[in-house]
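K.L.:
Residue numbers (the numbering used here), protein chains in the order written: chain A, 1 to 668; chain B, 1001 to 1668. We treat Cβ as the ideally placed atom computed from N, Cα and C, and that holds for glycine. Provided herewith is a single structure, encoded as structure tokens, for subsequent inquiry.
2 protein chains.
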Amino acid sequence: MSYNIIKKSEFDKVKSFNGNWAAKMQLFADMCRYNTLVAVKKAGSGHLGSSLSALDITTYLYLNELNIFEVGLDSPDRDIYFSSKGHDVPGLYSLFYALGILPEQKLLMLRRLHGLDGHPETRIPGIEASTGSLGMGISKGKGMAWAKSYRKNKGHVYVLTGDGEFQEGQIWESLQAAAHQKIGNLTAIMDHNKYQTDMLVADVNNIEDVVNKVSSFHWHVVRINGHDYNELKKTFTELKNVKDKPKMIVADTVKGKGVSFMERPETETFEGKTLYKWHSGAPDDESYVKGLNELTGKINSLAEELKIGKIEIPVNEPEGKVSSKGEKEFVTEAYGDALCEIAKTNDKLVVLDGDLSADCKLRKFEKMYPDRFIENGIAEQDMVSMAGGLAKMGLIPVVSTFSSFLAARANEQIYNNAGEQTKVIYTCQFAGMIPAGPGKSHQSVRDISLFGALPNVTIIQPCNAEETKWATEYCVNEAEENCMLRLIIGPSPEKIVLPKDYKFKVGVGVALTEGSDGILFGYGPVMLHEALLAADYLKKINFGLKVVNMPWLNKINKDWLKEIVKDQKKIFVLEDHSAVGGLGDRLLNALVEIGIGPSSSGLSRTTPRHEIEFTNFGLREYPECGTPWEVLAYHKLDGKSLAQRISGFEDIEEKEKIAQKYTEDAPQ
Amino acid sequence: MSYNIIKKSEFDKVKSFNGNWAAKMQLFADMCRYNTLVAVKKAGSGHLGSSLSALDITTYLYLNELNIFEVGLDSPDRDIYFSSKGHDVPGLYSLFYALGILPEQKLLMLRRLHGLDGHPETRIPGIEASTGSLGMGISKGKGMAWAKSYRKNKGHVYVLTGDGEFQEGQIWESLQAAAHQKIGNLTAIMDHNKYQTDMLVADVNNIEDVVNKVSSFHWHVVRINGHDYNELKKTFTELKNVKDKPKMIVADTVKGKGVSFMERPETETFEGKTLYKWHSGAPDDESYVKGLNELTGKINSLAEELKIGKIEIPVNEPEGKVSSKGEKEFVTEAYGDALCEIAKTNDKLVVLDGDLSADCKLRKFEKMYPDRFIENGIAEQDMVSMAGGLAKMGLIPVVSTFSSFLAARANEQIYNNAGEQTKVIYTCQFAGMIPAGPGKSHQSVRDISLFGALPNVTIIQPCNAEETKWATEYCVNEAEENCMLRLIIGPSPEKIVLPKDYKFKVGVGVALTEGSDGILFGYGPVMLHEALLAADYLKKINFGLKVVNMPWLNKINKDWLKEIVKDQKKIFVLEDHSAVGGLGDRLLNALVEIGIGPSSSGLSRTTPRHEIEFTNFGLREYPECGTPWEVLAYHKLDGKSLAQRISGFEDIEEKEKIAQKYTEDAPQ
């Protein structure tokens, strides 16, 4: 199986061609589209829909407007372009390859360790801003533009935005302030492809009439066809004359542009709403080949029309890999099912979503209880405060979206709600560092710390489907205070098996293995899987590791703790989180409270010591981007590394054998 | 000295009067204004300007529109009113007193423990939503309105907003989503009094033309005179016919309405901008008497005009208390001065403010370096991302505002910036629980935890002016990563004296007292003051407490720590923060890392123990509202309580004497 892209030399050939300019641009962009498809297919995930819709705009900008090839990528006088929506970066990377900014091997390492992050990162050449969480781009561009004026540097700042992104309040903050501050060297361009995630913006939370809205914020606004190169050229040229205010181009585009079946919405609809299925994820083999063939045909015919000579297009074959995802357990599914079940008997239950219903497995609930499902779009602050209002009126709101956006973006709103002593359930999905492909904007390794200092919240992360059901029921029907339910978004690497007599009870975890050489507290399907692998590995060198599933991340029953750490010399905490502010900190405090310390004083030399070691395997750096296996290994959090860190013992007879087993089990 | 308000019986008299309706409303509102002035003067702080501007609107609503007196304050069919800007609550409390919702003794306990919180709290009768941080109200009202529809309850939801508040992005999120969701039982009213904090909205970050803006978001909008009762009546009546969309009334009002000199902006201007001085704070004696006299005159003449009979207006005298604020040390001033000084030699330094320049002592910088001062208004997310853009272009941005708003509201933006590996300095002012008058929306006791899990941030809280200068210099000129500078906003209770040989060095604190019976780590002027009082107190019972100033809240030098805790049996941490996620957690981890544990195992009965106790005096509940002394005592964090908690010894010979000394020293 190999992945082959159209070589840079072919792009150079097109670039140096002097004929029909617009058609040449089109050809260049379609060649980038071809490479984007290959890169995403190889990565196994990525955002095709908006990569394709934005490519004509970026091709136009890089080949015609930006001065970066004249003044250099590091020049303070350079023009700056970045995408606020970020997830369209596979398209941009392909363009960067075509322009010589990125080498071939990098493009084919999309979403891989030391490759190209799933969302833009400034450590990558040519990337001007790290983005991935929506709504920040115009603000950041405003800062760059201000700095240029202050330092009397040349260059203009161009920020691409999404359309769904205009549901984020920060966009409107930045529009208002940029106009007030008369930032004249800033242009925002909306890639208005009409779909956000998998539904029409107009259905989710309509932003129209956006030209009218943005104009009322005192920006100079024009609306154009974002695929028409002549219109792009004319518009950017004309806008150079508008110098006293920020400018915005609303560019009407087609999501999935260039590949016919990605351009058309699916015939499938949901509750009368059109569904779009090419927002994220790699294409299946058939679509992949079909898409490449279609682009090949276009490229060939355009090249012929232009008389540019034959463009070398490589052959790419389908992968033929059968996805095993269908057989895997998803805690998100158990959660979605549990909500549907609970709703039957609890009519106070209401679910709020932030444009991630499908990923968060809420579609079933949405269908069963349309009158109790509130789709709020990409407006987390509004969603959380709205939930506060619902709770104040006696309902039980469940707020569900990705953890990074919920815990951080709406943090003050969560505090405000909690202060009213009502109950809101915050389901923080995509918690932890896996999947690691999307990069750090999506990997949520601070969320426990962001909820931790609230005096009235219970933080829970279940380890399998069964426990997820219990946790959801507990949150909705039993808990008397706010709950933060932490769920991984992907499939569980394995189904964690809980003891038959295990009862889900506040503050009480459960041992999954026995052992007296060390005890490890972990939580969630991803890290417990690694912990169990570590225990297997350690067993072979006669190190008995007691692995404990501790779903209660900030409530620890002291009697239970005292009993379970009895006679243990080494205590380990395996976080799917930063080492700061997670379970480890709470556990250490609880140990102190029950009179158990990590070691005796160590100060008085005359006192014999009964040492207890305490080690927190939490993250102390930013989570890396890559496959689960790459990233866990990079952070030394995979089963094998953990076994080595726990035992301190590297050279073991069984090493090869275990490593072999591990490789087979590693999550894909 | 006594504080006397106009009695409820007088309000009843007016209410039952059947003559000129509009004049009667006016009279009722002016009587509320009188009581508002008395309540704020007694409290020593509070927001007069917008309490007065909003009073005609609220008087109209409670006396004419809301059904709460018919259906009851707890009825699910009740109409709901609350103020999103919250700080206008002294006016609302006065109205609540006039209407019998609150008793007299409560009104005169504004900003006191077990009295009335400085910002609205739902635990107070009649208060429908806890507010105080801006921008959340329409979202919350939307939730309430949605719940009413879902449960088929009657009643309409009215949300009052500020005008400066329309700089917050969440407002626009909520406007867009409320229109999309067709929330027809919701009306927002803007108390458009033109000033935010102390400057014109038009100067800070202009929101005009707000009618056009909000209309473009598909709301039904009208603009009226918010002091004209006939216009209010007509408008609210007409709006009842608009049922298919949310409605907004932009009510033009005058800040400080009813007291002539509070209505007029000061002649004082700043950089050509008009300054308004009655936004917050109690009036001085002269203004207090003048204001009461003016209102008395108005009330008398209106009563006479209406032939309503004499309204009993009590006599109130000036307090005659001399403020000692001028002599006290403000760390904020040292910070502002330091920035001005550093800017002389570092032209990369740029300061950003979120409409709190005066409180945050940035006016001097603003004046000296207008081209390096960015006033961003009440738009923290935009401000933080803008700072990210500035940093990306090589500048050193210092973002300065209240900690609650900066650390929580812009948390995801802070994470995004930090991920770019640039340096931004976040000055989190109003950190900690004192002053406690404003209530929990402003008391910032989660901010350390909100920054803590960032891998590249240094968190510092200096204890006096000198250390603030060093800390500011360190952040701007030396630090290689992001800094979070934590400052109290009020005067320091005393000037903390640092040893002469103390050097400000990363991770290293300094002992302020010597003692070997226990060591206490504290930080910041407020809590170190209490710690020193505790040490004084303990000294008299021969308990030697070593008080350590530890300004580095997440960086602890291990060698220094080992040395300073040597031979100590009891370790205490005094947080000006929640017990979760503050210095205590980091210190406990550091102790473990250097092999010092709070106790020996406690598990093996045969091992002799050398016990070390570790106690974290952090908050485990929401911070209370009240005077500093009341609140510190309530949380058992005042010097005396601390001495008792540390010694475990309540009945001491010296107790009376010490308590006496303490009372004299307690912050006012």
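Between which two residues does the beta strand (DSSP E) carrying K1247 of chain B extend?
P.N.:
Residues 1247-1252.
K.L.:
Tell me, please, whether the CB atom of F1402 of chain B is closer than 7 Å to any CB atom in chain A?
P.N.:
No - not a single Cβ of chain A is within 7 Å of the one on F1402 of chain B.
K.L.:
Within the region 307-374 of chain A, note down every full alpha helix (DSSP H) run reaching 4 residues or more, in order along the chain.
P.N.:
Correct list: 331-345, 363-368.
K.L.:
Which same chain residues, not among the five before or five after A643 of chain A, have their C-beta less than 6 Å away from its C-beta?
P.N.:
Only A534, Y537, L538 meet the Cβ criterion.
K.L.:
Can you round the beta-carbon distance between P1455 of chain B and E621 of chain A to whole angstroms, since I take them to be within the 8 Å contact cut?
P.N.:
The Cβ separation is near 5 Å, so the contact holds.
K.L.:
Could you give the distance in angstroms between the alpha-carbon of I556 of chain A and the alpha-carbon of G581 of chain A?
P.N.:
Distance between the alpha carbons of I556 of chain A and G581 of chain A is about 15 Å.
K.L.:
Check this for me: beta carbons of D1576 of chain B and G1524 of chain B, under 7 Å apart or not?
P.N.:
For D1576 of chain B and G1524 of chain B, yes; Cβs fall inside 7 Å.
K.L.:
Quick one: using the 10 Å Cβ neighbour count with 16 as the cut-off for buried, is N205 of chain A buried or exposed?
P.N.:
So N205 of chain A counts as buried.
K.L.:
What does P455 of chain A touch in chain B if you count any residue whose Cβ is under 8 Å from its own?
P.N.:
Within chain B, the residues near P455 of chain A are S1578, L1619, R1620, E1621, Y1622.
K.L.:
Quick one: grab the DSSP three-state call for H610 of chain A.
P.N.:
Legend: pLDDT at H610 of chain A = 37, less than 50; position of this residue unreliable, value from coordinates given subsequently. In the structure shown, H610 of chain A sits in coil (DSSP, three-state: anything other than H, G, I, E or B).
K.L.:
Give a yes or no on whether the C-beta atoms belonging to Y1097 of chain B and L1107 of chain B are separated by under 7 Å.
P.N.:
A contact, by the Cβ cut-off of 7 Å.
K.L.:
Tell me which residues share the same chain as S141 of chain A and place their Cβ nearer than 6 Å to its Cβ, disregarding the 5 neighbours each side in the sequence.
P.N.:
A small correction: the amino acid at residue 141 of chain A is Gly; Ser does not occupy that position in the sequence shown. So the list reads V157, V159, L186, once near-sequence residues are dropped.
K.L.:
From A:N482, A:G91, A:D559, A:L116, pick the residue whose C-alpha is nearest to that of K257 of chain A; which is it?
P.N.:
Among A:N482, A:G91, A:D559, A:L116, the Cα nearest to that of K257 of chain A is on A:G91.
K.L.:
Taking the alpha carbon of L48 of chain A as the reference point, which residue from A:G132, A:S280, A:S75 has its own alpha carbon closest?
P.N.:
Closest option to L48 of chain A, Cα to Cα, is A:S280.
K.L.:
Which word fits P1491 of chain B, buried or exposed, when buried means at least 16 other C-beta atoms lie within 10 angstroms of its C-beta?
P.N.:
So P1491 of chain B counts as buried.
K.L.:
Sorted by chain position, which residues of the same chain lie with C-beta nearer than 6 Å to R409 of chain A's C-beta, five sequence neighbours on each side aside?
P.N.:
Closer than 6 Å at Cβ, skipping near neighbours: E380.
K.L.:
Helix, strand or coil for A145 of chain A? Go by DSSP, reduced to three states.
P.N.:
A145 of chain A: helix per DSSP, three-state reduction.
K.L.:
From G515 of chain A to P493 of chain A, what distance separates their C-alpha atoms?
P.N.:
In a straight line, the C-alpha of G515 of chain A is about 23 Å away from that of P493 of chain A.
K.L.:
Between which two residues does the beta strand (DSSP E) holding K715 of chain A run?
P.N.:
For residue 715 of chain A there is no data in the structure shown, the boundaries of chain A being 1 and 668.
K.L.:
Listing by chain order, which chain B residues have their CB less than 7 Å from the CB of F217 of chain A?
P.N.:
By Cβ distance, chain B contributes K1213.
K.L.:
In whole angstroms, give me the CA-to-CA distance for K1077 of chain B and S1083 of chain B.
P.N.:
The question names Lys, but residue 1077 of chain B is Asp in the sequence shown. Between D1077 of chain B and S1083 of chain B, the C-alpha separation is close to 19 Å.
K.L.:
Assuming S53 of chain A contacts V254 of chain A under a Cβ cut-off of 8 Å, what Cβ separation, rounded to an integer in Å, is found between them?
P.N.:
Rounded, the Cβ-Cβ distance is 6 Å, consistent with contact.
K.L.:
Taking all protein chains shown into account, do 16 or more other C-beta atoms lie within 10 angstroms of the C-beta of N482 of chain A, making it buried, or fewer, making it exposed?
P.N.:
It counts as buried.
K.L.:
Should L1037 of chain B be labelled buried (16 or more other beta-carbon atoms within 10 Å of its own) or exposed?
P.N.:
Per the 10 Å Cβ criterion, buried.
K.L.:
With 7 Å set as the bound, which would you pick, yes or no: does the beta-carbon of N1185 of chain B sit closer than that to a beta-carbon of chain A?
P.N.:
Taking Cβ atoms only, chain A never reaches closer than 7 Å to N1185 of chain B, which makes this a no.
K.L.:
Using CA atoms only, rank isn't needed, just tell me which of B:E1650, B:G1626, B:G1595, B:I1005 is closest to T1296 of chain B.
P.N.:
The candidate whose alpha carbon is nearest that of T1296 of chain B is B:I1005.
K.L.:
Could you work out which residues of chain B lie near Y150 of chain A, taking near to mean beta carbons separated by less than 8 Å?
P.N.:
Residues of chain B passing the Cβ test: V1350, D1371, R1372, L1395.
K.L.:
What separation, rounded to the nearest whole angstrom, lies between the Cα atoms of D1012 of chain B and L1175 of chain B?
P.N.:
Their Cα atoms are separated by approximately 38 Å.
K.L.:
Of the residues B:P1397, B:Q1421, B:K1423, B:F1430, which one's Cα is nearest the Cα of F1405 of chain B?
P.N.:
Selected option, being the one with the closest Cα: B:F1430.
K.L.:
Among B:Y1062, B:A1471, B:S1051, which residue has its Cα nearest to the Cα of K1015 of chain B?
P.N.:
Closest by alpha carbon: B:Y1062.
K.L.:
What's the gap between the Cα of I489 of chain A and the Cα of E121 of chain A?
P.N.:
Each residue's Cα considered, the two are about 22 Å apart.
K.L.:
Buried or exposed: S260 of chain A, going by 16 or more other Cβ atoms within 10 Å of its Cβ?
P.N.:
Classification of S260 of chain A: exposed, given that the 10 Å Cβ count is below 16.
K.L.:
If you count every other CB in all the chains shown that lies within 10 Å of the CB of F1649 of chain B, and 16 or more means buried, which is it?
P.N.:
The residue is exposed, with fewer than 16 neighbouring Cβ atoms inside 10 Å.
K.L.:
Quick one: what's got a C-beta closer than 6 Å to T1401 of chain B's C-beta in the same chain, skipping five residues either side?
P.N.:
The answer, listed in chain order, is G1354, L1356.
K.L.:
Could I get the ranges of all uninterrupted alpha helix (DSSP H) runs contained in the region 379-416 of chain A, with 4 residues as the minimum, in chain order?
P.N.:
380-392, all fully within the region 379-416 of chain A.
K.L.:
With DSSP collapsed to three states, give me the class of H529 of chain A.
P.N.:
Helix, per DSSP.
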